[in-house]
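So the protein sequences, as listed, match chains B and L. Going by my numbering, the letters in the first sequence line up with residues 2 to 191, in that order. Going by my numbering, the letters in the second sequence line up with residues 80 to 383, in that order. Cβ coordinates follow ideal geometry from the N, Cα and C atoms, glycine included. To start, the structure under review is shown below, and the notes come after it.
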Amino acid sequence: MALVKLATPIDEATIRTLHVGDSVSITGRLYTGRDAVHHRIHTGTRPPVDLEGQIIYHCGPVMVKEGDQWVCKAAGPTTSSREEPYQWEVMRDYKIRGVIGKGGMGEKTLAACKEYGAVYLHAIGGAAQVCAASIKRVDGVDWMDLGSPEAIWHLWVEDFMAIVTMDSHGQSLHKNVFEESKARIEAMKA
Amino acid sequence: MSATAQTIDRISPETTLFESILELIRRTSTQLPDDVVRAVTGARKNEVEGSNADFALNVIGCNIGLAREGSLPLCQDTGTILFYVHTPAGYDQLAFEEIATEAVRTATKKGYLRQNSVDSITGKNTGDNTGPGSPVFHFHQWREPHVEVKVMLKGGGCENMNVQYSLPHPALGDRDLNGVENAILDCVLQAQGQGCGPGILGVCIGGDRGTGYGFAKEQLLRLLDDANPDPVLAELEERVVDKANQSGIGPMGFGGKTTLLACKIGTRNRLPASFFVSIAYMCWAYRRRGAELDLSGNVTEWLY
Ligand code: SF4
């Protein structure tokens, strides 16, 4: 299990070197985007930022304005499976190289990771303060009309840690662990 | 002066009780109880150093420290706010509810609680964590001379993993302890990766559908290292944890040995026609705290 340092934007060749189980430490830009953002893109609106090579973070952060600067108070990952109907499309149309969230995603996203060259990165669910600590600056925000937790926040992170749980080679840690644990629980049945 | 006003006056000078509850909420949201911290940090020694499970538990440990130091919410989802209150006979529970609700509003303004109460039809957030059914109060009377209040914050991610089985079940078995055990392990299997494990289970065998879920959640008020007074249930609790931790699911569902930190099981009588196994799944951000209060609302002892 390697620790790989990533700097955004990321090219496809780098993403293809990652495998399920690798840990990554990300430095650079992250854009938040969850339900409302994915839905709006899906219904035809172009994203307000260039997403090529970027990572979308499934996160509804707690933001506070101090003077004229936004400060992030808590920023753990939210459940990703809600974006399953839309994520593959964003990978295809806007060439994002990864998403960060929790809980993993399904077959459509796994297939898109393989086809377009992207990965699913799992942050530690509930670790709102650790995640917030690696967010060094908030550089801007778009689509604030969706409400603060749903807006596209432009974060600058240093050493944001996550685990690759779905890679661009068709592997999913979630699928593997589920199948393995299912068999083990079956074998231990009372 | 009305009877209610007199009672409030006599039993609970508003500001003292308000301040005590506000501080209780702050502690609940920002400081994980000692028994949970011990369980989470102790679990690390079971995981292979440098594994993803080890990494997850390490990050969780750091997060617990950062939240406590900064007096910041452990997790951004501060969940359903549940009050479990015991009062002596004659104590004004209505006044308590009003004052505690006010403390919830203030805790939300101060950022200890996220705005988490949404109208189920319009989707509109009330913005202060109050509204029909929020926060949740469970009042009981008791023969003690003082008041006991416990607060639990239960996040949405783990609440979504709660499940209720009805036995017999074609895949899980009969109306016996084996059937119960299989049902609980099925819940663990299905919840993997979703409820921010390692998890803690509160289980109720029996009751009706409503009281079963309620009593399952109440099991989460027990200390993690207590012993179930019923030896049969104590053994079942141990067996479930053991098997869950051999399933390979691990923290966050990354794989590993720490899947459950504890399983707490209670029973309620049931109808001859029904046999429910109700399970409340709690995430590692297991926020529950409590306090004993005198009749003026002063904290005489912090619990957990
Ligand atoms: S399940 Fe628990 S730890 Fe995970 S996001 Fe929800 S409240 Fe936080």
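- Out of L:Thr94, L:Lys296, L:Cys283, L:Gly235, the CA that lies nearest to the CA of Glu260 (chain L) is found in L:Cys283.
- If you draw a 10 Å sphere on the C-beta of Ser375 (chain L), you find fewer than 16 other C-beta atoms in it, and that means exposed.
- 8 angstroms or more divides the Cβ of Lys115 (chain B) from the Cβ of Glu53 (chain B).
- When DSSP reads this structure, Ala163 (chain B) sits in a beta bridge with B:Val25.
- If you keep only unbroken beta strand (DSSP E) runs of at least 3 residues inside the region 125-189 of chain B, you get 136-143, 153-167.
- Per the coordinates, the alpha-carbon of Gly77 (chain B) lies some 36 angstroms from the alpha-carbon of Ala250 (chain L).
- Assignment of Ala118 (chain L) by DSSP, reduced to helix, strand and coil, places it in the helix class.
- Judged by DSSP secondary structure, Met92 (chain B) falls within the alpha helix (DSSP H) whose first and last residues are 85-95.
- Only Gly129, Ser130, Asn131, Phe134, Ala135, Val138, Ile139 from the region 113-140 of chain L bring a Cβ to less than 8 angstroms from some Cβ of chain B.
- For Ser81 (chain B) and Ser173 (chain B), the gap between their C-alpha atoms comes out near 14 angstroms.
- Looking at the backbone, the Cα of Ser130 (chain L) and that of Leu7 (chain B) are separated by about 20 angstroms.
- Secondary structure of Asn195 (chain L) (DSSP, three-state): coil.
- Taking Lys109 (chain B) as the centre and dropping the five residues before and after it, the same chain places the C-beta of Glu85, Pro86, Gln88, Trp89 closer than 8 angstroms to its C-beta, in chain order.
- Rounded to the nearest whole angstrom, the C-alpha separation of Glu227 (chain L) and Gly102 (chain B) is 39 angstroms.
- Considering only beta carbons, the part of the region 122-143 of chain B lying closer than 7 angstroms to chain L consists of His123, Ile125, Gly126, Gly127, Ala128, Ala129, Gln130, Val131, Ala134, in chain order.
- Taking the Cβ of Asp156 (chain L) as the reference point, at least one heavy atom of ligand 1 falls within a distance shorter than 7 angstroms.
- Listed in chain order, the positions of the region 62-89 of chain B with a beta carbon within less than 9 angstroms of a beta carbon of chain L are Pro62, Val63, Val65, Lys74, Ala75, Ala76, Gly77, Thr79, Thr80, Ser82.
- Within its own chain, the residues whose Cβ lies closer than 7 angstroms to the Cβ of Ala295 (chain L), once the five positions on either side in sequence are excluded, are Gly281, Val282, Cys283, Ser357, Ile358, Ala359, listed in chain order.
- Distance from the C-beta of Cys141 (chain L) to the nearest heavy atom of ligand 1 is not below 7 angstroms.
- By the Cβ-count criterion, Gln273 (chain L) is buried, with 16 or more other Cβ atoms from all chains shown falling within 10 Å of its own Cβ.
- Judged by DSSP in its simplified three-state form, Gly278 (chain L) adopts strand.
- Judged by pairs of C-beta atoms under 8 angstroms, the region 324-331 of chain L does not touch the region 212-231 of chain L, as fewer than three such pairs exist.
- Boundaries of the beta strand (DSSP E) around Ile101 (chain B): 99-102.
- For Asn142 (chain L), the C-beta contacts it makes with chain B under 8 angstroms involve Ile125, Gly127, Ala128, Ala129, Gln130, Val131, in order along the chain.
- In this structure the region 10-24 of chain B does not lie against the region 60-71 of chain B, because fewer than three pairs of beta carbons, one per stretch, are closer than 8 angstroms.
- Judged by beta-carbon spacing, Ile153 (chain B) lies within the 8 angstroms limit of Pro49 (chain B), meaning their Cβ atoms are closer than that value.
- Among the residues facing chain L, Val120 (chain B) is not included, as its CB has no counterpart in that chain under 8 angstroms away.
- Inclusion of Tyr163 (chain L) and Lys229 (chain L) in the CB contact set at 8 angstroms is warranted, their separation being smaller than that value.
- Shortest gap from the CB of Gly234 (chain L) to any heavy atom of ligand 1: under 7 angstroms.
- A check of alpha carbon separations from Ala119 (chain B) across B:Asp94, B:Ala129, B:Val139 identifies B:Asp94 as the nearest.
- Residue contact check for Phe161 (chain B) against chain L: no CB pair falls below 8 angstroms.
- With a 10 Å radius around the Cβ and a threshold of 16 neighbouring Cβ atoms, Pro351 (chain L) comes out exposed.
- In the structure shown, Arg368 (chain L) falls within a strand segment according to DSSP collapsed to helix, strand and coil.
- In the three-state reduction of the DSSP assignment, Gln269 (chain L) falls in the helix class, which pools H, G and I.
- By the CB criterion at 8 angstroms, Val91 (chain B) and Ile42 (chain B) fall inside the cutoff.
- Closer than 7 angstroms to some heavy atom of ligand 1: that does not describe the Cβ of Ala306 (chain L).
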